[in-house]
Amino acid sequence: MYSFDYEIGSGTTDKTTENTTDKTTYKLPINLTLTEKRILEEVRVNPSITQTQLAMNIGITTDGVRYAIKNLKSKGILSRIGSRRNGTWTILSK
175 MYSFDYEIGS GTTDKTTENT TDKTTYKLPI NLTLTEKRIL EEVRVNPSIT
225 QTQLAMNIGI TTDGVRYAIK NLKSKGILSR IGSRRNGTWT ILSK
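Next up, the structure:
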């Protein structure tokens with residue numbers, strides 16, 4: 175995701191990269207699929223995104239999105255607030 179220039183043998187860049195990564199990533203359970211992680215990233219950027227838009231952005235079927243969302247809801251990670259039409263997704267902290 176990020177690219178850094180660094181000098182060989184310099185330890186400061188590795189530490190900087192590690193600190194930046196810690197600040198910009200979610201602490202998620204390890205047992206998430208790639209599709210579930212991608213859905214969470216899309217929802218983080220646009221909480222009012224639809225399942226159809228998720229499917230188009232990620233490149234899977236709407237049934238695949240529904241399945242992954244069902245799993246995320248059962249794991250207590252994702253929740254829908256409001257109606258199907260005007261609601262928003264909420265990523266719950268665990």
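Here the working numbering is used: the first residue of the sequence shown is 175, the next is one more, and so on.
C-beta: ideal position from N, C-alpha, C; glycine also.
Predicted, not measured: the structure shown is a model, and the values here were computed from it.
Going by beta carbon distance, what residues of the same chain come within less than 7 Å of T235, once the five residues before and after it are set aside?
Around T235: A229.
Since I265 contacts L214 with CB under 8 Å, what's their CB separation in whole angstroms?
Right, the Cβ-Cβ distance comes to about 6 Å (below 8 Å), so this counts as a contact.
Identify, in the order they occur along the chain, each residue of the same chain with its Cβ nearer than 8 Å to the Cβ of R258, setting aside the five sequence neighbours on each side.
Taken in chain order, the list of residues that qualify is empty.
Where L246 falls, given that 16 or more other Cβ within 10 Å makes a residue buried:
When all chains shown are included, L246 counts as buried.
Enumerated in chain order, which unbroken segments of the alpha helix (DSSP H) with a length of 4 residues or greater are wholly contained in the region 215 to 241?
Entirely contained in the region 215 to 241, the alpha helix (DSSP H) runs reaching 4 residues are, in chain order, 225 to 232.
Roughly how many angstroms lie between the CA atoms of K211 and N260, to the nearest whole one?
Between K211 and N260, the C-alpha separation is close to 23 Å.
Per-residue DSSP class, three states only, for T267:
Reading the sequence as shown, one finds Ser at residue 267 and not Thr. In the structure shown, S267 sits in coil (DSSP, three-state: anything other than H, G, I, E or B).
Using the beta-carbon count (16 or more within 10 Å), is L118 buried or exposed?
Lying outside 175 to 268, the shown extent of the chain, residue 118 is not represented and no answer is given.
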